[in-house]
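Using our numbering, read the sequence shown as starting at 51 and increasing by one per residue.
C-beta: ideal position from N, C-alpha, C; glycine also.
Computed from a predicted model, the values in this text were never measured in an experiment.
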Amino acid sequence: MEPWINAGVALGKLLILANIVLINVAYLVYWERKLSAWAQSRVGPNRVGPAGLLQPFADVLKLVLKEDIVPTQAYKPIHTLAPFLALFVAFTSFAVIPIGPDITIADSAWQAIFGDSFSFAIIPSINPGILYILALTSIGVYAITMSGWSSGSKYSLLGGVRSSAQMISYEISMGFSIAGVVLLAQSLSPQAIIESQSGWMWNIFVQPIGFITFVTAAFAETNRLPFDLPEAEPELVGGYHTEYSSMKFGSFFLAEYANMTTASALIVLLYLGGWQVPYIEKLGLSETLTVIIQVAAFFLKVAALLFFFIWVRWSIPRFRYDQLMSIGWKVMFPLALINLVWVAVIAMIFN
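As structure tokens, this is what we get:
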């Protein structure tokens, strides 16, 4: 295969993925407002465009046109860097999550032009992909901590400190939950983890405790209710982003919804079989149709989890900070250890 063909395919996939994530993030805000209105017997956005579908574009335009105000006491280089770091981590974390199996193009026209068949992954799955995701998500806390420290405000600083403590408390439980999945799959490759869940051997059924601890930790990692203590309005005005305006302010919300999408995709990858549709190979479908159904199944699972994230936000009240820490260390951590021992026993018995 010519190098320029590989480069072109890689660039094309990058552009497609970036646009999918951006459009998804924009319309997640719209659906959050619609679902919250449904939960509270309101109408929700319905003015801009048919059924309010153009509201996300109006919101972005409004933020772009607003004045960018930086406090006098702020440390400007870090204050400016923090929202861009949050966006960088949010968008690059999705880069190694496979949304479908490898595809082989063996069309006669392709072979006549290029001389051979062409195999490629929809999204490349690097071998230590899980470590890559964990490394990037652990960097995400720096954006919030840096924004809180650099703003020169006590409310922002407290939000940043809360986020650091929250991340440390729940990162451990998340790591042990992932360790159980890796122990069963015997690989750090996302594609191998998906393939180890063939049929109905999804990890949600094999290790339900790990699934519960991971989902709870994902809520805490993404700062979503009931774990949004870093930006709690009653105590901290707006928390770490109190002193931000314009698109810097909007960048934190874009990062939050992008992180929510990445967390949902990671839950699908680790516990819900990824792009797999149980026993679809027995239907005798063509390879192209099979791949289309598998990719659609992946996005359907992610959409269901995103709905769950939004549903929980408008259903459960926020915990107190001491309750947040107590749940993290006294409940989540022991459960994650129990799950790891359970998975080790299963792996030892069934080899």
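Asked: If we count Cβ pairs, one from each stretch, closer than 8 Å, do we get three or more for the region 103-111 versus the region 376-385?; Found: no
Asked: Please go through the same chain and pick out, in chain order, the residues whose beta-carbon is closer than 7 Å to the beta-carbon of phenylalanine 348, but skip the five residues on each side of it.; Found: Ile149, Gly150, Val318, Gly324, Trp325
Asked: Can you tell me where the alpha helix (DSSP H) holding asparagine 309 begins and where it ends?; Found: 296-321
Asked: So phenylalanine 359 packs on serine 314, CB below 8 Å; how close in whole Å?; Found: 7 Å
Asked: Please go through the same chain and pick out, in chain order, the residues whose beta-carbon is closer than 7 Å to the beta-carbon of asparagine 74, but skip the five residues on each side of it.; Found: Thr311
Asked: With a threshold of 6 Å on Cβ separation, who are the neighbours of arginine 97 within its own chain once the five nearest residues in sequence on each side are excluded?; Found: none
Asked: Going straight from the alpha carbon of phenylalanine 357 to that of proline 367, what length do you get?; Found: 17 Å
Asked: May I have the straight-line CA-CA distance separating alanine 14 from valine 139, to the nearest angstrom?; Found: Summary: the structure shown does not reach residue 14, with the chain confined to residues 51 through 401, and so no result is reported for it.
Asked: Enumerate, from N- to C-terminal direction, the unbroken alpha helix (DSSP H) stretches of 4 or more residues contained entirely within the region 241-267.; Found: 253-256
Asked: Is the Cβ-Cβ distance between leucine 109 and valine 79 less than 8 Å?; Found: Note that residue 109 is aspartate in the sequence shown here, rather than leucine. Yes, they are a contact pair.
Asked: Provide the residue span of the alpha helix (DSSP H) that contains glutamate 293, from first to last.; Found: Taken as a continuous stretch (DSSP letters only), glutamate 293 belongs to no alpha helix (DSSP H), as it is neither H nor E.
Asked: Whole-angstrom Cβ separation of glutamine 216 and phenylalanine 277, contact assumed at under 8 Å?; Found: 7 Å
Asked: Count the other CB atoms within 10 Å of the CB of lysine 84; is the residue buried (16 or more) or exposed (fewer)?; Found: buried
Asked: In the DSSP assignment, find the unbroken alpha helix (DSSP H) run with proline 384 in it and report its ends.; Found: 383-400
Asked: Could you tell me the alpha carbon to alpha carbon distance between valine 191 and leucine 279, rounded to whole angstroms?; Found: 13 Å
Asked: Do you know how far the Cα of proline 100 is from the Cα of glycine 225?; Found: 44 Å
Asked: Answer yes or no: do serine 227 and phenylalanine 264 have a C-beta to C-beta separation smaller than 8 Å?; Found: yes
Asked: Can at least three beta-carbon pairs, one atom from the region 235-250 and one from the region 202-209, be found at a separation below 8 Å?; Found: no
Asked: Give the DSSP-derived three-state secondary structure of isoleucine 366 in the structure shown.; Found: coil
Asked: Among Leu374, Trp364, Phe400, Asp372, whose alpha-carbon lies nearest the alpha-carbon of arginine 92?; Found: Trp364
Asked: What are the boundary residues of the alpha helix (DSSP H) that tyrosine 192 is part of?; Found: 179-200
Asked: Work out the CA separation of isoleucine 119 and proline 127 for me, nearest whole Å.; Found: 14 Å
Asked: Evaluate tyrosine 329 with the Cβ neighbour count: other Cβ atoms within 10 Å of its Cβ, from every protein chain shown; 16 or more gives buried, anything less gives exposed.; Found: exposed
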